[in-house]
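Listed below in structure tokens is the structure:
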């Protein structure tokens, strides 16, 4: 079956599609989240070095992954908006930023709470922690910059440039534990070698990652629908098709 | 039960992590639902105002 993808690049046809995705993404998010919590707390064994404190990993690592992955997706949408001047692409970038910022904060917050019992300190200025903090500032900068420009097209362009420039920070975060001597431990999971943890721990980690992923899709769709409604308030189609406005 | 919540002495760190994460995620969804309601209310006010204006123009 041939799908005409360009059909969905207009806000009017993407709006109902986004609406149909929300309940499915939310359902997947809740189910995998509950399963992940169950495996994480009741199936995964106690760590022989860190005791129970390692269970913070089940949100710390997925949140940190999401913070970087969401930034990449956001930058790709923003750049697509810059190149093709498509409003929906820029709206997608705008819709992802607050959720990315939230997961970045959660990664830092849970990292601090994990650092205290294992390292003896909530915070150190090491490369991994500092570059992740810069990621949070990039998200906040992107949101603030767009909010400070009234003209939506100029706001999208300025935000797109900032997102593109900030992209350089993502590989720095990822490889910081390799490039510098950090207090933060190296990657436990990589594409190059088998994971160095119990299978139950890995399962919980992957389930929560899936949950965060689905959650991010759901809230990004909710937010992009709000963005579409606000920017299309002059168009007739929203008064003809949107539930609650007809 | 109490033993479960104590988490081998790490209860504070674990529940502060999970609690804040849950709070943020639930709050984000609630804020977005409220934002949507507010927008729809404003748009339907605009629409009613428009219909009113066009009626006046006809009569």
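Chains as they are written, first to last, in this note's numbering: chain W, 1 to 246; chain G, 1 to 59. By construction, the Cβ of each residue, glycine as well, lies at the ideal position given by its N, Cα and C atoms.
Q) Which residues, in order along the segment 6–25 of chain G, keep a beta-carbon less than 7 Å from a beta-carbon of chain W? A) Listed in sequence order: 7, 8, 10, 13, 14, 16, 17, 18, 20, 21, 24, 25.
Q: Express the C-alpha separation of residue 135 of chain W and residue 128 of chain W in angstroms, rounding to a whole number.
A: One C-alpha to the other measures close to 11 Å.
Q: Decide if the segment 150–162 of chain W is in contact with the segment 27–45 of chain W; the criterion is three or more beta carbon pairs, one per stretch, under 8 Å apart.
A: The answer is no - the segment 27–45 of chain W does not touch the segment 150–162 of chain W, with fewer than three Cβ pairs under 8 Å.
Q. If we count Cβ pairs, one from each stretch, closer than 8 Å, do we get three or more for the segment 224–234 of chain W versus the segment 40–53 of chain W?
A. no
Q | Alpha carbon of residue 198 of chain W to alpha carbon of residue 110 of chain W, nearest angstrom | A | 21 Å
Q | Within 9 Å of chain G by C-beta, residues of the segment 218–237 of chain W in sequence order | A | Residues of the segment 218–237 of chain W with a C-beta atom less than 9 Å from some C-beta of chain G are 218, 219, 222, 223, 225, 226, 229, 230, 233, listed in chain order.
**Q.** Cut-off 7 Å between Cβ atoms - residues of its own chain near residue 215 of chain W, not counting five sequence neighbours on either side
**A.** 29
Q. Got a sec: is the Cβ-Cβ distance from residue 66 of chain W to anything in chain G below 8 Å?
A. no
Q. Leaving out the 5 sequence neighbours to the left and right, which residues in its chain are closer than 7 Å to residue 218 of chain W when beta-carbon positions are compared?
A. Answer for residue 218 of chain W: 22, 25, 26, 29, listed in chain order.
Q: Name the one or two DSSP bridge partners that residue 51 of chain W has.
A: According to DSSP, residue 51 of chain W bridges with W/47.
**Q.** Beta-carbon proximity list for residue 91 of chain W, same chain, < 6 Å, skipping 5 on both sides
**A.** 224, 227
Q. Taking Cβ to Cβ, would you say residue 67 of chain W is nearer than 8 Å to residue 14 of chain W?
A. no
Q.
Please state the DSSP three-state secondary structure of residue 91 of chain W.
A. Look at residue 91 of chain W here: in three-state DSSP terms it is helix.
(Q) Out of G/25, G/49, G/36, which one is the CA nearest neighbour of residue 211 of chain W? (A) G/25
Q) Which class does residue 184 of chain W belong to by DSSP, given the choice of helix, strand or coil? A) DSSP places residue 184 of chain W in coil when its eight states are reduced to three.
**Q.** residue 1 of chain W, DSSP secondary structure in three states
**A.** At residue 1 of chain W, the pLDDT of 49 sits below 50, so the modelled position is not reliable; the number obtained from the coordinates is stated separately. Residue 1 of chain W falls in the coil class under three-state DSSP.
(Q) Considering only their Cβ atoms, is the gap separating residue 62 of chain W from residue 203 of chain W smaller than 8 Å? (A) no
Q) Counting contacts by CB-CB distance shorter than 8 Å, is residue 102 of chain W in contact with chain G? A) yes
Q) Any beta-carbon of chain G closer than 8 Å to the one on residue 183 of chain W? A) Chain G, which has no Cβ nearer than 8 Å to the Cβ of residue 183 of chain W, makes this no.
Q.
Buried or exposed, going by whether 16 or more other CB atoms sit within 10 Å of the CB of residue 139 of chain W?
A. Its Cβ being crowded by 16 or more others within 10 Å, residue 139 of chain W is buried.
Q.
So for residue 120 of chain W, helix, strand or coil by DSSP?
A. Under the three-state reduction of DSSP output, residue 120 of chain W falls in the coil class, being neither helix nor strand.
Q.
Suppose contacts are defined by Cβ-Cβ distances below 8 Å. Is residue 88 of chain W in contact with residue 108 of chain W by that definition?
A. no
**Q.** Interface partners of residue 87 of chain W on chain G, CB under 8 Å
**A.** Result: empty, since nearest Cβ-Cβ is about 17 Å, beyond 8 Å.
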